[in-house]
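Going by our numbering, the first residue of the sequence shown is number 69, and it counts up by one from there. Backbone N, C-alpha and C fix where the C-beta goes; we use that ideal spot for every residue, glycine too. The model shown is predicted, which means the values in this text are computed figures rather than measured ones. A short write-up of the structure that comes next.
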Amino acid sequence: MSVLTDSAQSAVFRDGQIIIVMESGSTIRFPVSENPRLAFGTPEQLSRIEISPFGIHWPDLDEDLSFRGLLAGDYGQRQR
């Protein structure tokens with residue numbers, strides 16, 4: 069089992085995307101349309117992002133995404 073050693077330095081909502089800059093300098097970005105809860109959030113709700121050691125949280129939308137999932141490309145995708 070691997071241990072996640074990278075953590076987020078910042079997370080912002082811009083131009084319809086969530087952009088997360090990790091302390092290593094790498095960037096994770098994805099369109100909010102990929103996530104059923106985020107897709108209907110207002111810009112104000114989407115901009116209120118809380119960073120924890122293990123992921124990011126939108127308190128107004130009751131949505132959490134883990135860094136492990138984000139790094140694997142899981143953005144809380146819509147059911148297909």
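As assigned by DSSP and simplified to three states, the class of residue i
i: G137; result: helix
i: F108; result: helix
i: E102; result: helix
i: E91; result: coil
i: D130; result: coil
i: G144; result: coil
Neighbourhood of residue i by C-beta, 6 Å cutoff - its chain only, sequence neighbours within 5 removed
i: I96; result: I88 and L138
i: V71; result: Here the model assigns V71 a pLDDT of 49, short of 50, so the residue's position is not dependable, and the following value carries that caveat. Excluding positions up to five away in sequence, the list is empty.
Close-in-space but distant-in-sequence residues of the same chain around residue i (CB under 7 Å, 5 per side omitted)
i: F98; result: Q85, I86 and Y143
i: A107; result: V100 and S101
i: R116; result: W126, P127 and D128
For residue i, the residue or residues it bridges with in DSSP
i: F81; result: I86
i: I117; result: In the DSSP output, where bridge partners are listed per residue, I117 has none listed.
Buried versus exposed, by CB contacts within 10 Å (16 or more), residue i
i: A140; result: exposed
i: G123; result: buried
i: L133; result: buried
Distance between beta carbons of residue j and residue i, contact taken as under 8 Å
i: P111; j: F135; result: Rounded, the Cβ-Cβ distance is 24 Å, inconsistent with contact.
8 Å Cβ shell around residue i - same chain, five flanking residues per side excluded
i: Q77; result: V89, M90 and E91
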